[in-house]
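**Student:** Line by line, the protein sequences are chains E and D.
Following the numbering used here, the residues of the first sequence are numbered contiguously, the last one being 186.
Following the numbering used here, the residues of the second sequence are numbered contiguously, the last one being 1186.
Every residue, glycine too, gets a C-beta built ideally from N, C-alpha and C.
Number of protein chains: 2
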Amino acid sequence: MSVKTLCLGALSLRDGTGYDIKKLFESAFSHFHSASYGSIYPALKQLQADGLLDCRLEPGAKHPDRKLFSLTGEGRKALVDELTAMPAGEQLRSDFLLLMFFAHLLPTEVLRDKLAQMEAYYEDELSYLKSIADCAEHSAGIAFTIEQGIQVYTAKLGLLRDRREQLLKDHREIPKEWSENSPCTD
Amino acid sequence: MSVKTLCLGALSLRDGTGYDIKKLFESAFSHFHSASYGSIYPALKQLQADGLLDCRLEPGAKHPDRKLFSLTGEGRKALVDELTAMPAGEQLRSDFLLLMFFAHLLPTEVLRDKLAQMEAYYEDELSYLKSIADCAEHSAGIAFTIEQGIQVYTAKLGLLRDRREQLLKDHREIPKEWSENSPCTD
DNA sequence: TTCGAGATATATCAAGTCGATATATTATCG
DNA sequence: CGATAATATATCGACTTGATATATCTCGAA
């Protein structure tokens, strides 16, 4: 029930609407999690039904149907419980590395293009993270998430630049047959 | 159609069954992609129907129903086309960073535990990648994916160890109110 | 030798999720 | 004044996950 936990977390920072939560996922959380409206709205409905959220309607004023959610005491407890129970893990889904894995199948121009795309992406992420790193007083935990992002993107950017020429030069060499069931060791 | 591309890619390395492909996703591809049987088998069926794969049955011999797939000429072309069309991107899904973001809500012991879990995970990944880095002659592209993994995990492990004591010491300080719509800049 | 654990192999299902889309109001700016 | 972007909720089909069922084969320990 990951999206539910994400919503509880978002609402522990401040009260908000489904739209606000989506915005948060696209900014502060964007490095390590995301969720679409199609999962956020059902999750909020469910959480409210479970008594973990309060919902007050704000009609008339500005927007119609503005549903402002806030955590209940139970909701805050549930958040802590879920965070505690959740195993610490991570998963990368990288189309870029897939592309590099099969780089020998691509024309040189295409490969050059992909590398340029990824370089631009890393630069953007890095400059965003650097811009937020030292302007506010983040908690130690939040500062950690930002610093990890900075170090990781810096490493990736450095490697990409170091290896670019070599990749473009070598990339048509056909890789060896993939060994029996996996490479090398097992 | 990501899983289809993944399957075509896997079968470009060697012919294999759905099971073989799953194994490959759990070993060589595991750092940057994954897929479950529930998406692999339907994808193979579809690809075969589209004429991108051949399937020869291997009955009797050892296992029943062993369906050995191989790329057709069209399949190989489709793989190159899809790789070329695919934008170079990546996405991280990290429960660990979520946990760090909300570290101030957790008891110290729990936080210490999560850090230890993640440290062990990073160590495992790192030692696996190092073991395969220099034993075979990988293509430049494959070597790049391995080297990126090594550098990234090394950076993450270093940061985790550097910051652990400070995180455990500071973590009960309550973070500042999240600024209007996003932190700092925008 | 036989017994069980684990690997090999295919397949399906409910539940959850994404990406796109529809709808409608409000804010902004030339 | 009119166009474009932002705010806001909601839904839908298609896809994916994680679990589970089924069955055979392999190999080492009792």
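Quick check: Asp1095/D and Glu74/E, are their CB atoms within less than 8 angstroms of each other?
**Tutor:** It is not a contact, given that the beta carbons lie outside the stated cut-off.
**Student:** The beta strand (DSSP E) spanning Leu71/E covers which residue range?
**Tutor:** From DSSP, the beta strand (DSSP E) with Leu71/E extends over Arg66 to Leu71.
**Student:** Is the distance from the Cβ of Lys23/E to the Cβ of Tyr37/E below 8 angstroms?
**Tutor:** For Lys23/E and Tyr37/E, no; Cβs fall outside 8 angstroms.
**Student:** What residues from the region 1039-1061 of chain D come within 7 angstroms of chain E, judged by C-beta to C-beta, listed N to C?
**Tutor:** Listed in sequence order: no entries.
**Student:** Could you check if Cys1222/D is buried or exposed, using at least 16 other CB atoms within 10 Å of its CB as the buried criterion?
**Tutor:** Shown here, chain D extends from 1001 to 1186; a query on residue 1222/D therefore has no answer.
**Student:** What first and last residue would you give for the alpha helix (DSSP H) that runs through Glu109/E?
**Tutor:** It spans Thr108 to Ala133 - the alpha helix (DSSP H) in which Glu109/E sits, taken as one unbroken run.
**Student:** Name, going along the chain, the residues of the region 95-118 of chain E whose beta-carbon falls closer than 7 angstroms to a beta-carbon of chain D.
**Tutor:** Hits within the stretch, in order: Asp95, Phe96, Leu97, Leu98, Leu99, Met100, Phe101, Phe102, Ala103, His104, Leu105, Leu106, Val110, Lys114, Gln117 and Met118.
**Student:** 8 angstroms is my cut-off, CB to CB: does Val152/E come that close to chain D?
**Tutor:** Yes, contact with chain D.
**Student:** Buried or exposed: which applies to Ala1049/D, given that a residue is buried once 16 or more other Cβ atoms fall within 10 Å of its Cβ?
**Tutor:** Exposed is the call here.
**Student:** To the nearest angstrom, how far is it from the Cα of Ser1179/D to the Cα of Tyr1153/D?
**Tutor:** Because Ser1179/D carries a pLDDT of 38, less than 50, the predicted location of this residue cannot be relied on, and the following value inherits that uncertainty. Spanning the two alpha carbons is a distance of roughly 32 angstroms.
**Student:** Tell me which residues share the same chain as Asp15/E and place their Cβ nearer than 7 angstroms to its Cβ, disregarding the 5 neighbours each side in the sequence.
**Tutor:** Contacts found: Leu68, Phe69 and Ser70.
**Student:** Counting C-beta neighbours from all protein chains within 10 Å, is the total for Lys114/E 16 or more, i.e. buried, or is it exposed?
**Tutor:** Lys114/E is buried by the Cβ-count criterion.
**Student:** Which class does Ser12/E belong to by DSSP, given the choice of helix, strand or coil?
**Tutor:** It is helical.
**Student:** Would you grab the beta carbon distance between Glu1123/D and Leu1097/D for me? Rounded to a whole angstrom, and I think it's under 8 angstroms.
**Tutor:** Between Leu1097/D and Glu1123/D the Cβ distance is about 18 angstroms, and since that is not below 8 angstroms, they are no contact.
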